[in-house]
Amino acid sequence: MRAPRGLSRLLLAARGWGRLGAMARYSTEQRGRPNSPDYRLYFKNADGKYISPFHDIPLLAASKEDKEIPAKRAKTTGSEVLYNMIVEVPRWTNAKMEIATEEPLNPIKQDIKKGKLRYVANIFPHKGYIWNYGALPQTWEDPNHTDTITGCCGDNDPIDVCEIGSKVRSSGEIVQVKVLGVLALVDEGETDWKIIAISVDDPEAHKIHDIDDVKKHKPGYLEATVDWFRLYKVPDDKPENRFAFNGEFKDKDFAAEIIKSTHEHWKALLHKKADGGTINCTNVLVSGSPFCCSEEDARSIVQS
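Just so it is clear: in the sequence shown, position 8 is 8 by this note's numbering, and no numbers are missing.
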């Protein structure tokens with residue numbers, strides 16, 4: 001028996017991770033011209049408030065509040081743990097878009113190096129980024145913390161995500177993902193974790209639950225990922241990147257521990273218990289944070 005149309009809508013909304021769930025809660029506002037140094041993509045929540053994607057979007061997709069992250073557990077309350085991912089770079093594109101960690105409200109902008117807009121080279125046989133590339137909000141790889149596993153400090157950014165689903169996403173899109181595993185890149189002496197994830201609404205998401213499932217259902221994808229990260233800076237006259245664990249991917253339980261650790265570092269950052277240096281911690285919604293600003297202040301930041 002079919003549920004009444006109104007009830008169906010309510011059920012979809014209640015699930016939260018329905019196909020339109022994440023994007024219905026957030027929108028973006030463009031300032032400046034794309035492919036220019038002044039381009040910025042600002043974020044709003046469902047109430048129309050300007051927010052920081054870095055600090056104000058919850059790490060866990062299931063809740064608006066800050067809840068404990070389940071570690072070493074594949075399931076919580078009968079369903080898989082879902083995380084919010086902020087898409088910075090759509091698959092197959094070359095412009096290096098990123099969360100502006102040093103600017104108030106942390107809009108997405110294009111990276112600039114030596115006065116020029118930054119693009120990644122095509123690494124044969126690939127075109128641009130080979131996944132939807134982005135970050136997990138409310139995480140921070142602390143540059144003052146030496147990782148006990150890799151022996152290197154963090155790279156001072158939110159933790160990176162490679163989303164391997166079939167759909168090409170848009171910059172600024174908020175995607176709810178299942179975490180599958182992690183790769184430990186050592187980039188210029190810094191630990192730069194790369195989370196492997198898949199969007200929960202991907203047609204293959206129901207059969208891909210861990211890193212071994214990626215090997216089975218998407219053969220060659222992980223090998224291509226290692227090659228891409230190893231070589232992507234070589235066209236810029238830099239040496240090949242190195243990896244911890246000889247480039248071996250760790251499973252989702254390991255990844256969950258890394259995410260939990262970087263979330264704790266972010267908490268310390270937002271409550272002045274860690275030195276963030278030039279990181280801008282301005283936020284609108286983080287309870288108890290001394291960096292919290294008013295809705296009016298946030299609007300002024302964008303308008304200026």
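No residue lacks a Cβ here, since even glycine has one placed at the ideal position from N, Cα and C. What you are looking at is a predicted structure, and each value in this text was computed from that prediction instead of being measured.
| Check | Outcome |
| --- | --- |
| Contacts around W203, its chain only, beta-carbon distance under 7 angstroms, and the 5 residues preceding and following it disregarded | The identity of residue 203 in the sequence shown is Pro, whereas the question assumes Trp. Closer than 7 angstroms at Cβ, skipping near neighbours: S166. |
| Beta carbon of A135 nearer than 8 angstroms to that of I164 | no |
| C-alpha gap between V234 and H206, whole angstroms | 37 angstroms |
| Where A298 sits in the DSSP three-state scheme | helix |
| N-terminal and C-terminal residue of the alpha helix (DSSP H) that F229 is part of | Y221 to L231 |
| Delimiting residues of the beta strand (DSSP E) encompassing V182 | I174 to D187 |
| Close-in-space but distant-in-sequence residues of the same chain around K218 (CB under 6 angstroms, 5 per side omitted) | none |
| Nearest neighbour of T282, chosen from N94, E103 and M85 [CA to CA] | E103 |
| Cβ-based burial, A95 [other Cβ within 10 Å; buried from 16] | buried |
| DSSP state of A274 mapped onto helix, strand, coil | coil |
| Cβ neighbour criterion (16 or more within 10 Å) applied to S294 | exposed |
| Bridge partners - G134, DSSP secondary structure assignment | V87 and V161 |
| DSSP three-state assignment for W266, whether helix, strand or coil | helix |
| Per-residue burial, K72 [other beta carbons within 10 Å of its own, 16 or more giving buried] | For K72, the predicted structure reports a pLDDT of 40, less than 50, and the residue's modelled location is therefore unreliable. The matter cannot be settled from this model. |
| Residues bridged to A95 (per DSSP) | Y119 |
| Contacts around I196, its chain only, beta-carbon distance under 6 angstroms, and the 5 residues preceding and following it disregarded | C162, L180 and G181 |
| First and last residue of the uninterrupted alpha helix (DSSP H) at K194 | Run containing K194: none in the alpha helix (DSSP H); it sits in the beta strand (DSSP E), E190 to S199. |
| Exposed unless 16 or more other CB atoms sit within 10 angstroms - verdict on S170 | exposed |
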